[in-house]
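Visitor:
Residue numbers (the UniProt record's numbering): 1 to 203.
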C-alpha cells in the first residue's frame with residue numbers, strides 16, 4: 001500500500017510526452033503499473049520495470065544493460081552507469097534505503113547507489129520516491145543529499161522536524177491527502193497539470 005500511494009502521486013507528476021529515468025525499485029515497478037500517460041520515453045536499469053513498460057502503447061523504452069542481478073533483476077555496474085550518462089531527461093525518479101536527519105540519501109548497495117547518482121545527474125527534475133519508514137535511516141553507500149532533490153514523494157505526512165528540513169533545503173514534499181493549502185506553490189501546477197519541460201531521449 002505504501003508503494004501504491006506514492007505511485008498515485010507520481011502519476012500526477014508525470015506528464016504525457018515526458019522523458020523519465022526509473023531505477024530498480026518496488027516503487028518504480030508500481031509507478032509503471034499505474035501510469036496512464038502516453039508517448040513517454042523511459043530509461044531504466046530494471047528488467048522488471050522494462051517488462052511492464054512494453055505493455056504500454058506509445059512508450060519508447062531503453063533498458064540500460066550491464067551486469068544483471070538474478071535476485072533483483074536490476075542491471076548495475078560500469079556499463080550501466082556509462083549508458084545512463086549518455087542521456088538527458090525531464091525527470092529522474094529514484095528510491096533509496098535511507099534518508100538521515102543530516103539529509104544524506106543512502107543505499108545498501110554501492111552499485112545501486114552509483115546508478116541512482118547517474119540518473120539524478122541526467123535529469124532536470126530529481127524526484128525521490130521513498131517510503132516514510134526510510135526516514136531517519138542510514139545505509140552503506142551515499143547517493144546524494146536532500147538539497148540536490150527537486151521533490152520528495154512519500155506515503156504519509158512527515159512530522160514537524162522533517163517539514164522544517166524540507167523547507168530549509170528548499171525541497172517540496174508531497175504525500176497523500178494533501179490539502180491545497182499544504183501544497184507548495186511551485187508544486188501545484190505539476191500536480192494538477194503535469195510538467196513537460198525537456199527533450200525526450202533519442203536512441
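Note that CB positions come from ideal geometry on N, CA and C, so glycine has one too.
#1: For residue 52, tell me which candidate among 42, 33, 58 and 45 has the shortest Cα-Cα distance.
#2: With respect to the beta strand (DSSP E) encompassing residue 151, which residues constitute its N-terminal and C-terminal limits?
#3: Quick check: is any heavy atom of the ligand FMN less than 8 Å from the C-beta of residue 98?
#4: Kindly confirm or deny that the segment 158-166 and the segment 122-130 touch, where touching means at least three C-beta pairs closer than 8 Å.
#5: Mind checking residue 75: buried by the 16 CB within 10 Å criterion, or exposed?
#6: Count the other C-beta atoms from every protein chain shown that fall within 10 angstroms of the C-beta of residue 30, then say buried if there are 16 or more, exposed otherwise.
#7: In three-state DSSP terms, what is residue 101?
#8: Can you have a look at residue 65 and say buried or exposed, based on whether 16 or more other CB atoms are within 10 angstroms of its CB?
#9: Taking the beta strand (DSSP E) that residue 128 falls in, what are its first and last residues?
#10: Under 8 Å by Cβ, that's how I've got residue 128 and residue 152 pegged, so tell me the actual separation to the nearest angstrom.
#11: Quick one: residues in its chain with C-beta nearer than 6 Å to the C-beta of residue 49, no 5 flanking neighbours on either side, listed in chain order?
#12: Using three-state DSSP, classify residue 60 as helix, strand or coil.
#13: Decide if residue 54 is buried, meaning its Cβ has at least 16 other Cβ atoms within 10 Å, or exposed.
#14: Would you say the segment 72-91 touches the segment 107-117, given that touching needs at least three Cβ pairs under 8 Å?
#15: Can you name the residues that DSSP bridges to residue 21?
#16: Roughly how many angstroms lie between the CA atoms of residue 20 and residue 92, to the nearest whole one?
#17: Under a three-way DSSP split, which group does residue 141 fall into?
#18: In its own chain, which residues sit with a C-beta less than 6 Å from the C-beta of residue 68, not counting the 5 before and 5 after it?
#19: Indicate the three-state DSSP secondary structure (helix, strand or coil) for residue 189 in the structure shown.
#20: Do residue 95 and residue 26 have their beta-carbon atoms positioned less than 9 Å apart in this structure?
#21: Cα separation between residue 131 and residue 10?
Guide: Based on what the coordinates show:
#1: The sequence position of residue 52 within the chain shown is 52, counting from 1. Closest by C-alpha distance to residue 52, out of 42, 33, 58 and 45, is 33.
#2: Translated into the one-based positions of the chain shown, residue 151 becomes position 151. Looking at the DSSP string, the run of the beta strand (DSSP E) that includes residue 151 is 151-153.
#3: Inclusion of the ligand FMN in the displayed structure is not the case, the ligand content being empty and no account of it being possible.
#4: The segment 158-166 vs the segment 122-130: no contact.
#5: Here residue 75 refers to the residue found at position 75 when the chain shown is read from its first residue. Buried is the call here.
#6: As a first step, residue 30 must be located in the chain shown, where it is residue number 30. It counts as buried.
#7: As a first step, residue 101 must be located in the chain shown, where it is residue number 101. Under the three-state reduction of DSSP output, residue 101 falls in the coil class, being neither helix nor strand.
#8: Taking the first residue of the chain shown as position 1, residue 65 is located at position 65. By the neighbour-count rule (16 or more Cβ atoms within 10 Å), residue 65 is not buried but exposed.
#9: Walking along the chain shown from the start, residue 128 turns up at place 128. Judged by DSSP secondary structure, residue 128 falls within the beta strand (DSSP E) whose first and last residues are 123-129.
#10: On the chain shown, position 128 is the one that residue 128 refers to. On the chain shown, position 152 is the one that residue 152 refers to. The Cβ separation is near 5 Å, so the contact holds.
#11: In the chain shown, the residue the question calls residue 49 occupies position 49. Result list for residue 49: 22, 28, 29 and 32, in chain order.
#12: Residue 60 sits at position 60 when you count from the first residue of the chain shown. DSSP places residue 60 in strand when its eight states are reduced to three.
#13: As a first step, residue 54 must be located in the chain shown, where it is residue number 54. Residue burial annotation: residue 54 is exposed, with fewer than 16 other C-beta atoms found within 10 angstroms of its C-beta.
#14: yes
#15: Taking the first residue of the chain shown as position 1, residue 21 is located at position 21. Note: residue 21 sits in a beta bridge opposite 43 and 92.
#16: Within the chain shown, residue 20 is the residue found at index 20, counting from 1. Within the chain shown, residue 92 is the residue found at index 92, counting from 1. Going by the C-alpha atoms only, they are around 6 Å apart.
#17: For the purposes of this step, residue 141 is taken as the residue at position 141 of the chain shown. Residue 141: strand per DSSP, three-state reduction.
#18: Taking the chain shown and counting its residues from 1, one reaches residue 68 at position 68. Around residue 68: 75.
#19: Translated into the one-based positions of the chain shown, residue 189 becomes position 189. At residue 189, the pLDDT of 47 sits below 50, so the modelled position is not reliable and the matter cannot be decided from this model.
#20: Locating residue 26 in the chain shown gives position 26, counting from the first residue. Locating residue 95 in the chain shown gives position 95, counting from the first residue. Yes, the pair counts as a contact, with Cβ atoms nearer than the cut-off.
#21: On the chain shown, position 131 is the one that residue 131 refers to. On the chain shown, position 10 is the one that residue 10 refers to. If I take the Cα positions, the gap works out to 13 Å.
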